[in-house]
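Residue numbering for the sequence shown follows the numbering used here, beginning at 147 and increasing consecutively.
Here's the structure, in structure tokens; my notes come after.
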Amino acid sequence: MDSKKKQKTTHIDADAPPGSHAPPPRALVVGDGAFAMAMATAMARRGSSVRILCHTTKVRDEINAGENKTYLPDYEVHSNIKAYTSIEEACTPDVQLVLLVIPTQFLRKFLVANLASMPTGCPIVVCAKGIEIGTAETPYEMMISELPGKYHQHFAVLAGPSFAKEIMDGQPTNVVVASQSSEVANQVAQYVSDGASLRAYVSDDVHGIEIAGAVKNVLAIASGALDGLNFGNNARAALVCRGLAELTRLAVATGSNGRSMAGLAGGGDLMLTC
């Protein structure tokens with residue numbers, strides 16, 4: 147590992163109100179979809195220099211031309227955002243925050259292919275939701291499996307009800323950041339909170355938040371089926387409530403403390419998707 151990639155974790159006052167702290171001077175967002183653009187924009191608006199690692203040269207060129215026409219049309223790209231297709235160019239030694247905003251089924255392949263270029267000492271935050279086909283591992287578990295132990299204390303998960311376009315429009319949005327380290331969770335939460343419309347809360351229930359993010363999609367499909375059956379709001383309310391009860395039992399049975407089920411990643415995301 148190149149020692150130049152090492153960063154020290156910045157100590158942040160956990161009691162400081164959102165927006166009262168400095169944003170990360172430079173952040174790396176891996177992914178070029180709508181949510182990746184929204185999170186990059188939220189930090190760029192606060193003054194961060196944000197580098198986006200794109201999957202294709204087409205989207206890279208669109209972003210650098212001023213509009214991600216493929217995934218987030220009709221929104222101007224902030225001047226503090228620049229896109230790349232090379233992680234060596236995008237991940238400079240002064241990166242202080244990494245957001246992994248790529249689909250769950252492609253996360254492991256990315257981690258294996260780019261291990262040598264991943265920075266150490268700064269938070270690495272997975273924003274993917276789902277469970278890997280074949281291994282049944284969550285995104286956080288994949289990071290534990292594929293990245294060496296020196297990275298593990300800096301891992302975090304970001305989830306919650308957060309449509310990308312509403313973040314771009316400055317609509318009030320809450321998300322939750324979970325980590326085994328309270329210091330890392332607070333640092334990431336303050337880095338992504340803008341003090342105006344986007345606020346992150348913290349949690350220690352990493353597994354629960356990931357299970358909620360994955361399983362709520364099953365309930366969302368069921369909610370769509372209700373429409374096809376011409377069922378009304380009574381049925382939808384029953385689906386959400388009883389679905390949340392089942393989700394909680396599953397999460398607790400597999401290692402969650404259960405507290406996040408009534409929070410943003412559980413009930414919050416269910417309200418948004420159902």
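We treat Cβ as the ideally placed atom computed from N, Cα and C, and that holds for glycine.
Query	Result
Terminal residues of the alpha helix (DSSP H) in which residue 419 lies	415–419
Separation of residue 377 from residue 407, as counted between CA atoms	26 Å
C-alpha distance - residue 200 paired with residue 374, whole-angstrom precision	37 Å
Inter-residue CB distance, residue 270 and residue 301 (contact presumed, cutoff 8 Å)	6 Å
C-alpha distance - residue 181 paired with residue 397, whole-angstrom precision	25 Å
Backbone CA spacing between residue 162 and residue 330 [nearest angstrom]	15 Å
Extent of the continuous alpha helix (DSSP H) to which residue 388 belongs	379–399
At least 3 beta-carbon pairs within less than 8 Å: the region 322–329 vs the region 339–350	yes
Cutoff 6 Å; reference residue 310; Cβ partners in own chain excluding five residues on either side	180, 181 and 184
Cβ neighbour criterion (16 or more within 10 Å) applied to residue 202	exposed
Straight-line gap, residue 392 to residue 306 (C-alpha atoms, nearest Å)	19 Å
The region 241–257 in contact with the region 284–302 per 3-pair CB rule at 8 Å	yes
Cβ-based neighbour list, residue 400, same chain, cut-off 7 Å, excluding 5 preceding and 5 following	353 and 357
Member of 233, 219, 215 and 193 whose CA lies at the smallest distance from the CA of residue 174	233
Minimum C-alpha distance to residue 334 - residue among 273, 264 and 223	273
Pick from 196, 177 and 187 that is closest to residue 171, judged by C-alpha positions	196
Selected residue, minimal CA-CA separation from residue 359, among 405, 340, 410 and 257	410
Rounded distance between the beta-carbons of residue 372 and residue 381, thought under 8 Å	5 Å
Residue 208 burial status per 10 Å Cβ neighbour count (16 or more: buried)	buried
Bridge partner(s) assigned by DSSP for residue 230	199
For residue 368 and residue 361, the rounded distance between their alpha carbons	11 Å
Counted within 10 angstroms of its Cβ, other Cβ atoms place residue 414 as buried (16 or more) or exposed	buried
Residues of its chain near residue 154, where Cβ-Cβ distance is below 7 Å and the 5 sequence neighbours each way are ignored	The pLDDT assigned to residue 154 is 46, lower than 50, so where the model puts this residue is not dependable, and the model offers no usable value.
Same chain only: Cβ atoms within 7 Å of residue 317, ignoring 5 sequence neighbours per side	343
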